[in-house]
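Some notes on the structure that comes next.
Numbering (the UniProt record's numbering), first residue to last: 1 to 152.
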């Protein structure tokens, strides 16, 4: 319905005679005319020979048009809501990606520091091999730094 002026269509439908429309045909001076009955009133909408055209005109009554326009509004609102959610999710994903990259960078920096601490401990503790608690702490540092430990 993008090529239709929906507001103008709504105004025309709201001004039209309300009620159910139906098709009836009669002959007038040998010509088929198609008056439509509206709550006891007779309104001739079109002089048409084709029954299918008259039936379509009857089906496209104000109530039907207003229902279609209302449905169109609801669909547009639903589409707008979905787009808003999609935009929010996109922004959330961008934020999460940035936080992940920052966390990975911090982890890499921490690994460097832990590797340095483990290397210093091995180099400057003269009795490193004689203290299992220092070795256990060193293994913990290596594990946290992502260095393979014997037996893993």
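We put the CB at the ideal spot given by N, CA and C, even for glycine.
C-alpha distance - residue i paired with residue j, whole-angstrom precision
i	j	result
residue 143	residue 114	9 Å
residue 134	residue 98	38 Å
residue 14	residue 66	8 Å
residue 16	residue 87	41 Å
residue 137	residue 111	15 Å
residue 64	residue 78	21 Å
residue 120	residue 92	42 Å
residue 127	residue 140	18 Å
residue 101	residue 108	11 Å
residue 11	residue 57	17 Å
residue 103	residue 4	52 Å
Residue range of the alpha helix (DSSP H) that includes residue i
i	result
residue 62	62-124
residue 11	6-15
Residue j beta carbon less than 8 Å from that of residue i
i	j	result
residue 9	residue 75	no
residue 72	residue 6	yes
Interface flag, residue i vs chain B, CB-CB below 8 Å
i	result
residue 72	Of the protein chains in the structure, only one exists, and it is not chain B.
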